[in-house]
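Written out below as structure tokens is the structure these notes cover.
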Amino acid sequence: MSTDAALPHALATHQETWLAQVEDYAQAYPAERGVATVFARFMADDPLAAARERREGHLTGSAWLVSGDGRRVLLTHHRKLDRWLQLGGHADGDIDLARVALREAEEESGLTGLVVESQIFDLDRHRIPARGDDPEHWHYDVRFVVRACADEAFAVSDESHALAWVDIAAIARDPAQDESLQRMARRWLARTAPV
């Protein structure tokens, strides 16, 4: 089944773009067809899916920020979630999710000269616990590869306890790592393995 099957109504141009990107992802990673379908339905349902004001859930953008040599990824010890994760955050209504990932990478790392790839690298839907006035809700996280092309000296933002360049192969081997980080590490290693 195609990810765009049985769409309920006419779609805005940006929704069509989202759905095309998700379909490309599903074709690149056939084992991820199920999650791609969940994302496609969510994206097709509401042209404002990227707005934080959608209290039950919204799109977010994240960066698999790799070092110049492609062997390390920059992770954040997230202040609110108290876990090591990839950089990323709310789209705040921005419909260009690759741009969101790039912006979040720049803001959270202090790095400049970063380059984002336009195709989706990973999709992950996860629950965010209630905090303050924000109820528990879903993040539909769309992740993109972002490359550090020059200086790799980061600056820790107020959103993080710490940042660290971490060996991607070590993430892939460590069963204690977050499952989605392991999935992205394995995907990156498979993509960059010599043929």
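Numbering that gives the first Met the number 0 numbers the first residue of the sequence shown as 0 and each following residue consecutively.
Just so it is clear, CB atoms sit at the ideal spot from N, CA and C, and this is done for glycine as well.
Owing to the predicted nature of the structure, the values given are computational and were not obtained by experimental measurement.
Helix, strand or coil at residue i [DSSP, three-state]
i	result
Ala-152	coil
Thr-111	coil
Ala-9	coil
Ser-66	coil
Ala-129	coil
First and last residue of the uninterrupted beta strand (DSSP E) at residue i
i	result
Arg-172	Unbroken run through Arg-172 is the alpha helix (DSSP H), 167-172; no beta strand (DSSP E).
Phe-143	136-146
Leu-233	Within the shown structure, residues of the chain are numbered from 0 to 194, placing residue 233 beyond reach of any answer.
Residue i versus the options, residue with shortest Cα-Cα distance
i	options	result
Phe-153	Leu-110, His-125, Ala-189, Pro-134	Leu-110
Val-155	Ala-25, Leu-86, Leu-101	Leu-86
Arg-78	Ala-192, Asp-68, His-160, Asp-91	His-160
Ala-163	Arg-32, Ser-66, Glu-31	Ser-66
Val-144	Ile-127, Thr-191, Thr-36	Thr-191
Trp-17	Arg-70, Asp-93, Gly-56, Arg-54	Asp-93
Which residues DSSP lists as bridging residue i, in chain order
i	result
Gly-56	Trp-137
Thr-16	Paired residues: none, contrary to the question.
Ser-61	Gly-87, Arg-142
Start-to-end residues for the alpha helix (DSSP H) that takes in residue i
i	result
Gly-33	32-44
Stretch-stretch touch, CB-based, cutoff 8 Å, three pairs: the region 43-59 with the region 11-24: yes
Do three or more CB pairs link the region 173-190 to the region 96-109 at distances below 8 Å? no
Spell out a yes or no on whether the region 20-31 and the region 59-75 are touching, meaning 3 or more CB-CB pairs, one atom from each, closer than 8 Å. no
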